[in-house]
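One structure below.
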Amino acid sequence: MRIGELARLTGTTERALRYYEEQDLLRPARLPSGYRDYAPSDVETVRHVRSLLAAGLPTHLIAELLPCMVDTGDGLMPGCRSMLAPLESERDRITAAIDALTDARALLTGLIDRTPADDSEYDAWIAARDAA
DNA sequence: CTTCTCACA
DNA sequence: TGTGAGTA
1 MRIGELARLT GTTERALRYY EEQDLLRPAR LPSGYRDYAP SDVETVRHVR SLLAAGLPTH
61 LIAELLPCMV DTGDGLMPGC RSMLAPLESE RDRITAAIDA LTDARALLTG LIDRTPADDS
121 EYDAWIAARD AA
């Protein structure tokens with residue numbers, strides 16, 4: 001099938017599919033016309049790529065891991081134990097990002113909670129400060 | 001009409 | 001990653 005159909009079948013854009021190829025996530029054959037010729041199995045491959053992308057994995061890592069992934073009926077399974085380390089470090093990276101965001105949220109919440117509800121509260125605060 | 005590559009107010 | 005250009 002050509003790029004348009006694969007895009008439609010996977011809910012992605014043609015732009016993204018060309019990008020995946022550029023990142024070696026997909027290697028479609030070429031028709032004599034120069035058009036990309038995707039295999040039916042690429043529909044599943046694209047779904048896998050997207051789920052891995054959604055998990056935060058960088059494309060270069062997906063390119064390495066995808067060929068080793070085994071497709072059980074319901075989901076993907078690492079085909080070899082050597083994939084464990086990179087997956088764990090990715091998870092650690094995400095955990096760190098979550099922690100940072102949690103801190104950022106706490107900071108913003110603190111500022112929001114300290115915001116006076118109306119102008120009279122500001123006036124009262126200013127008056128109190130000047131009095132002191 | 002569909003796809004391709006390349007480039008970027 | 002969107003978008004438009006100019007093709008095949």
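Heads up, the first sequence is in the UniProt record's numbering, so the first residue is 1 and it goes up one at a time. Even glycine gets a Cβ: it sits at the ideal position worked out from N, Cα and C.
Take the alpha-carbon of L57 and the one of L31: they are about 31 Å apart. DSSP, reduced to helix, strand and coil, places M83 within a helical segment of the structure shown. Each of Y35, G4, I62, L61 was checked against the Cα of V43, and the nearest Cα belongs to G4. Taken through DSSP and simplified to helix, strand or coil, A29 comes out as strand.
Shown here, P78 sits in a strand according to DSSP, grouped into three states. Two segments are said to touch when three or more pairs of C-beta atoms, one from each, lie closer than 8 Å; by this definition the stretch 59-67 does not touch the stretch 96-112. Here R36 is buried, its C-beta having at least 16 other C-beta atoms within 10 Å. Bounds of the beta strand (DSSP E) holding D71 are 69-71. Rounded to the nearest whole angstrom, the CA to CA distance from L53 to L61 is 10 Å. Bridge pairing for R36: R30 [DSSP].
Across the structure, I112 and I94 are spaced so that their CA atoms are roughly 26 Å apart. When the beta-carbon positions are compared, V46 and T72 stay at least 8 Å from each other.
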